[in-house]
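Input: a single structure, listed below in structure tokens.
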Amino acid sequence: MSRKYSVLVVEDEPLIAEDIAGYLLENGFAVLAIANNAKEALEILKDNMPDAILLDINLGDGMDGIELATQIRTTEKIPVVFLTSHADKATLDRAKQTIPAGYLLKPFDGKDIMTSLEIAIFSHSQQNGIGRTEPDLNGLNEALPVALSQREFEILTLLKTGKTNKEMADALFISVNTVKTHMLHLFEKLDVSNRTQALFRIREMTGSR
1 MSRKYSVLVV EDEPLIAEDI AGYLLENGFA VLAIANNAKE ALEILKDNMP
51 DAILLDINLG DGMDGIELAT QIRTTEKIPV VFLTSHADKA TLDRAKQTIP
101 AGYLLKPFDG KDIMTSLEIA IFSHSQQNGI GRTEPDLNGL NEALPVALSQ
151 REFEILTLLK TGKTNKEMAD ALFISVNTVK THMLHLFEKL DVSNRTQALF
201 RIREMTGSR
């Protein structure tokens, strides 16, 4: 089975934190830990390196999320997605200084979180030179127990460009439901559960860097 990508959740409201963690687990991610404040987050990061951090800006007493992100950025390259109920210009301007991978306004749903994380992790890998070599169908099928069809390979190629299901359907002149069916088959053959894991799985199989 391919590695699950881990996420550190930094959120001072326990119920929200548990909801986020539950959704991550349901969608194929691993929850490294839940931290309720900046101090806990920094302790966790001393010995662990998540693939992404979901970080609430308002962490109550002590260091806030923007200050925490600034400190993390001085030593580690980890994509950070901010969670906040504040959309005022001052907060946004402060957040921008940390070069976040995403910014989610509360209330948000699980789909928002999933989309933001997929984009954050994939963009981070691209910026760091991971996975620039294009695999070919024959090479992939040699490494898979069940071969991909030509159509599944076409879906995979479009998926790598970040296209939506609708955009893939238009490009291939098929229905969105057909795209979804091919995606399910593709994920099953790659032994993954979402788009991000599929892209990283291909890199693992082809040795791309």
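Using UniProt numbering, read the sequence shown as starting at 1 and increasing by one per residue. Where is the CB? At the ideal position from N, CA and C, for every residue including glycine.
Element boundaries [alpha helix (DSSP H), containing residue i]
i: G22; result: 14 to 26
i: A52; result: First-last for A52: 52 to 56, but that is the beta strand (DSSP E), not the alpha helix (DSSP H).
i: A95; result: 89 to 96
Reduced DSSP secondary structure (H/G/I, E/B, other) of residue i
i: residue 217; result: Only positions 1 to 209 of the chain appear in this structure, which leaves residue 217 out of reach.
i: L59; result: coil
i: S6; result: strand
i: D47; result: helix
i: F122; result: helix
i: E11; result: coil
i: K189; result: helix
i: I99; result: coil
i: E67; result: helix
i: K39; result: helix
i: K77; result: coil
i: D109; result: coil
Unbroken beta strand (DSSP E) run spanning residue i, endpoints
i: A35; result: 30 to 35
i: T84; result: 80 to 84
i: G102; result: 102 to 105
Rounded Cβ spacing between residue i and residue j (contact assumed at less than 8 Å)
i: T196; j: Y5; result: 6 Å
i: L199; j: K166; result: About 19 Å separates the two Cβ atoms, so there is no contact after all.
i: L156; j: M168; result: Not quite, the Cβ-Cβ distance comes to about 10 Å (not below 8 Å), so this is no contact.
i: H182; j: E152; result: 6 Å
i: L59; j: A38; result: 6 Å
i: I34; j: A52; result: Not a contact, Cβ separation roughly 14 Å.
i: A95; j: I57; result: 7 Å
i: L55; j: V7; result: At roughly 10 Å, the Cβ-Cβ gap does not stay under 8 Å, so L55 and V7 are not in contact.
i: A69; j: V80; result: 5 Å
Length-filtered (3 minimum) beta strand (DSSP E) runs lying within the stretch 138 to 186:
none
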